[in-house]
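> What follows is a single structure, and I will ask about it in a moment.
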Amino acid sequence: MLETWRWFGPDDPVTCSDIRQAGADGVVTALHEMVPGEVWQPADIAARKAFIEAAGLEWSVVESIPVHPAIKLGDDRAQPYIDAWIETMRNLAAADISTICYNFMPVVDWTRTDLRHPTRRGGLALRFDPVEFAAYDLFILQRAGAEADYAGDVIAAAEAHFAAMDEDAGQRLESTIIAGLPGSELSHGREDIRAAIAEYDGLGAAGLRASLIAFLEQVAPAAEACGARVCLHPDDPPFPIFGLPRVVSTAADYGAVFDAVPSLANGITLCAGSMGSRPDNDVIAIAETFAPRLHFAHLRNVTIEPTGAFFEDDHLEGGVDMVGLVSVLLKEEARRRAEGRMDQVIPMRPDHGHLLLDDIGKQTNPGYSAIGRLKGLAELRGVARAVSSLAAI
Ligand code: DNO
């Protein structure tokens, strides 16, 4: 596996020099300054690539080219945005950056309700609690029709939670949920998120899936032609929120997409933590089923609590058997070597990390502080070395 590290560009408090010291060779990044729908020009791509290479690293994966809402809505405004997405992909592939991650979540990207959840050992972790989320949706955002999306006991618990929150806690919850976590393509305020959600009225899961397939029917052949691979990141969390459909949450969801568009250029970002946040997702089985399409891996772990809330655990603790998962990835690499595939090495990154030591109190991107990821990468590297050496015995 190629060890990579997500970097948010020259303003990221974690620098390329830090990434080298952590032992990663590859950088995962995007031109985050671009607005969704804008074509990334060759000169801008070349400049960012040169910056990364000057630090002794390579730009291995693009995460992400944003998918404009018009594409997800699949309406008659979609085509120019699909064309622009493909042009950006071609420009990247021409610069030899050919692994491209994206997601298809409407309105909000990855979502948490708490960015400073104390861990067993005194660090701070990210957590999602469906009751806190419902408290925001029902009683702060007051989204029209929201009650229909929650069970009675969740509404009652959310009401109690809301009643116990002071104004600061309410504001913190709101910005945690809608202001956009690092890498999110859009950031919202209360009014505009209501409007953005309302645009999806009536689309439903079938409509969103049709938009995804229509998008890939154009993207996959274009990717094949320019030597790129696109890899679809799962929904995080992997279930509908804000009453919006989410169609990349389960093995069946991915299966439907690959049945419709079988090209191997149409692949997966295997995000162990996102998929593992749902008890009925068997992450190892998903990795095995779609192994030839695994173009990129996000390795992190979650513990699901009895209420359905989940928190981001240590990389080797939690519901995902990380040793088993790394073994699947290494076996797939061996299979590709035997088959003579060009993409024999799968890029992986330690996804997120706890806030630890000196990073507590520093300005950091939630989930993307240096020390927690350094620890995660070191642990994962140890697993990979041990699995390879035991397999060779
Ligand atoms: C969170 C990330 C997401 C992910 C995008 C992929 O940490 O995994 O921001 O990158 O959803 O497009």
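For the sequence shown, the working numbering begins at 1 and goes up steadily by one. Think of the CB as a built atom: it goes at the ideal place given N, C-alpha and C, for glycine as much as any other residue. Note that this is a predicted model, so its numbers are computed, not measured.
Mind checking Lys362: buried by the 16 CB within 10 Å criterion, or exposed?
For the purposes of this step, residue 362 is taken as residue 362 along the sequence shown, with counting starting at 1. Answer is exposed; the Cβ neighbour count stays below 16.
> Just to confirm, does Asn103 get its C-beta within under 7 angstroms of one of the non-hydrogen atoms of the ligand DNO?
Indexing the sequence shown from 1 puts residue 103 at position 103. Asn103: yes, Cβ under 7 angstroms from the ligand DNO.
> By Cβ distance below 8 angstroms, which residues in the same chain neighbour Ala272 in space, the five residues on each side in sequence not counted?
For this step, residue 272 is matched to residue 272 along the sequence shown. These residues qualify, in order along the chain: Val283, Ala297, His298, Leu299, Arg300, Asn301, Val320, Met322, Leu325 and Asp351.
> Below 8 angstroms on the Cβ atoms is my contact criterion, and I expect Pro347 with Leu2 to pass it. Report the Cβ-Cβ distance as a whole number of Å.
Within the sequence shown, numbered from 1, the residue matching residue 347 stands at position 347. Within the sequence shown, numbered from 1, the residue matching residue 2 stands at position 2. Correct: roughly 4 angstroms between the Cβ atoms.
> Can we count Cys271 as close to the ligand DNO, meaning its CB is less than 7 angstroms from some heavy atom?
Locating residue 271 in the sequence shown gives position 271, counting from the first residue. Yes, the ligand DNO has a heavy atom inside 7 angstroms of this Cβ.
> Just mark Thr250 as buried or exposed, buried being the case when its beta carbon has 16 or more other beta carbons within 10 Å.
Sequence index remark: in the sequence shown, residue 250 carries index 250 (1-based). Thr250 comes out buried.
> Between Ser184 and the ligand DNO, is there a pair consisting of the residue's CB and a ligand heavy atom that are separated by less than 7 angstroms?
Against the sequence shown, residue 184 aligns to sequence position 184. Because some heavy atom of the ligand DNO lies under 7 angstroms away, the Cβ of Ser184 counts as near it: yes.
> Check whether the stretch 50 to 57 touches the stretch 18 to 33, taking contact to mean three or more Cβ pairs, one atom from each stretch, closer than 8 angstroms.
The stretch 50 to 57 is in contact with the stretch 18 to 33.
> Sorry if obvious, but does the Cβ on Trp110 come closer than 7 angstroms to a heavy atom of the ligand DNO?
As a working mapping, residue 110 is identified with position 110 in the sequence shown. At least one heavy atom of the ligand DNO is nearer than 7 angstroms to the Cβ of Trp110, so yes.
> Since Asp259 is in the alpha helix (DSSP H), which residue starts that stretch and which ends it?
Residue mapping note: residue 259 aligns to position 259 of the sequence shown, counting from 1. Looking at the DSSP string, the run of the alpha helix (DSSP H) that includes Asp259 is Ala251 to Ala260.
> Let me confirm a value: Ser389 is counted as buried when at least 16 other C-beta atoms fall within 10 Å, else exposed. Which label applies?
In the sequence shown, counting from the first residue as 1, residue 389 sits at position 389. Its Cβ having fewer than 16 others within 10 Å, Ser389 is exposed.
> With the cut-off set at 8 angstroms, would you say His354 and Leu124 are in Cβ contact?
In the sequence shown, counting from the first residue as 1, residue 354 sits at position 354. In the sequence shown, counting from the first residue as 1, residue 124 sits at position 124. Going by C-beta atoms, His354 is nearer than 8 angstroms to Leu124.
> With DSSP run on the structure shown, which of helix, strand or coil describes Glu224?
The residue you call residue 224 lines up with position 224 of the sequence shown. Reduced to three states, the DSSP call for Glu224 is helix.
> Is the Cβ-Cβ distance between Glu230 and Val247 less than 8 angstroms?
As a first step, residue 230 is located in the sequence shown; it is residue number 230 there, counting from the start. As a first step, residue 247 is located in the sequence shown; it is residue number 247 there, counting from the start. In the sequence on display, residue 230 carries Val and not Glu. Result no, Cβ atoms of Val230 and Val247 do not sit closer than 8 angstroms.
> Candidates Asn266, Pro80 and Arg349: which alpha carbon is nearest His315's?
Against the sequence shown, residue 315 aligns to sequence position 315. Cα-wise, what sits closest to His315 is Arg349.
> May I ask which residues mark the beginning and end of the beta strand (DSSP E) holding Gly372?
Taking the first residue of the sequence shown as position 1, residue 372 is located at position 372. Premise fails: Gly372 lies in the alpha helix (DSSP H), Ala370 to Ala392, not in any beta strand (DSSP E).
> Looking at Ile193 and Thr111, is the spacing between their C-beta atoms short of 8 angstroms?
Taking the sequence shown and counting its residues from 1, the one referred to as residue 111 is at position 111. Taking the sequence shown and counting its residues from 1, the one referred to as residue 193 is at position 193. Against a cut-off of 8 angstroms, the Cβ pair of Ile193 and Thr111 comes out as no contact.
> Taking only the alpha-carbon atoms, compute the straight-line gap between Ala146 and Val383 and give it to the nearest angstrom.
Taking the first residue of the sequence shown as 1, we reach residue 146 at position 146. Taking the first residue of the sequence shown as 1, we reach residue 383 at position 383. If I take the Cα positions, the gap works out to 44 angstroms.
> From the DSSP output, in three-state form, read off Ala151 for me.
Along the sequence shown, read from residue 1 onward, the residue named residue 151 stands at position 151. Of the three classes helix, strand and coil, the one that applies to Ala151 here is coil, per DSSP.
> Which one or two residues does DSSP pair with Pro118 in a beta bridge?
Here residue 118 refers to the residue found at position 118 when the sequence shown is read from its first residue. In the DSSP output, where bridge partners are listed per residue, Pro118 has Leu124.
> Select from Phe128, Asp25, Gly204 and Trp40 the residue whose C-alpha is nearest the C-alpha of Val345.
Locating residue 345 in the sequence shown gives position 345, where the first residue counts as 1. The candidate whose alpha carbon is nearest that of Val345 is Asp25.
> Which residue or residues does DSSP assign as beta-bridge partners of Asn301?
Within the sequence shown, numbered from 1, the residue matching residue 301 stands at position 301. Paired residue(s): Asp313.
> The beta strand (DSSP E) with Arg229 in it runs from where to where?
Indexing the sequence shown from 1 puts residue 229 at position 229. Where Arg229 is concerned, the enclosing beta strand (DSSP E) stretches over Arg229 to His233.
> Using a threshold of 7 angstroms, is the CB atom of His354 nearer than that to any non-hydrogen atom of the ligand DNO?
By one-based count along the sequence shown, residue 354 stands at place 354. Answer for His354: no, Cβ out of range of the ligand DNO.
> Which stretch, first to last residue, makes up the beta strand (DSSP E) that contains Thr99?
The residue you call residue 99 lines up with position 99 of the sequence shown. Here the beta strand (DSSP E) through Thr99 covers Thr99 to Asn103.
> May I ask you to check if the CB of Asp137 is nearer than 7 angstroms to at least one heavy atom of the ligand DNO?
For the purposes of this step, residue 137 is taken as the residue at position 137 of the sequence shown. Flag unset: Cβ of Asp137 not near the ligand DNO.
> Should Val328 go down as buried or exposed, given a rule of 16 or more other Cβ atoms within 10 Å for buried?
Translated into positions along the sequence shown, residue 328 becomes position 328. It counts as buried.
> Using a Cβ-Cβ cutoff of less than 6 angstroms, which residues in the same chain neighbour Gly376 once the five nearest sequence positions on both sides are dropped?
Residue 376 sits at position 376 when you count from the first residue of the sequence shown. These residues qualify, in order along the chain: His315, Pro350 and Gly353.
> So what does Thr29 bridge to, in DSSP terms?
Here residue 29 corresponds to residue number 29 of the sequence shown, with the count starting at 1. The partner list for Thr29 (beta bridge, DSSP) reads Val62.
> Over the uninterrupted beta strand (DSSP E) stretch that includes Met348, give me the two end residues.
By one-based count along the sequence shown, residue 348 stands at place 348. Counting along the chain, the beta strand (DSSP E) containing Met348 begins and ends at Pro347 to Pro350.
> Could you pull the DSSP bridge partners for Glu3 from this structure?
Mapped onto the sequence shown, residue 3 falls at position 3. Note: Glu3 sits in a beta bridge opposite Met348.
> Give me the Cα-Cα distance between Pro238 and Phe215, rounded to the nearest whole angstrom.
Residue mapping note: residue 238 aligns to position 238 of the sequence shown, counting from 1. Residue mapping note: residue 215 aligns to position 215 of the sequence shown, counting from 1. Between Pro238 and Phe215, the C-alpha separation is close to 21 angstroms.
> Return the Cβ separation of Gly372 and Asp359 in integer angstroms, given the expectation that the two are a contact with Cβ distance under 8 angstroms.
Mapped onto the sequence shown, residue 372 falls at position 372. Mapped onto the sequence shown, residue 359 falls at position 359. Yes, Gly372 and Asp359 are in contact; Cβ-Cβ is about 7 angstroms, under 8 angstroms.
> Give the DSSP bridge partners of Ile394, in chain order.
The question about residue 394 has no answer, for the chain in this structure spans 1 to 393.
> To the nearest angstrom, how far is the alpha carbon of Ile197 from that of Ala135?
To locate residue 197, count along the sequence shown from 1; it is residue 197. To locate residue 135, count along the sequence shown from 1; it is residue 135. Distance between the alpha carbons of Ile197 and Ala135 is about 17 angstroms.
> Kindly examine the ligand DNO and report whether one of its heavy atoms sits closer than 7 angstroms to the Cβ of Glu312.
If you number the sequence shown from 1, residue 312 lands on position 312. No, since every heavy atom of the ligand DNO falls outside the 7 angstroms radius drawn around the Cβ of Glu312.
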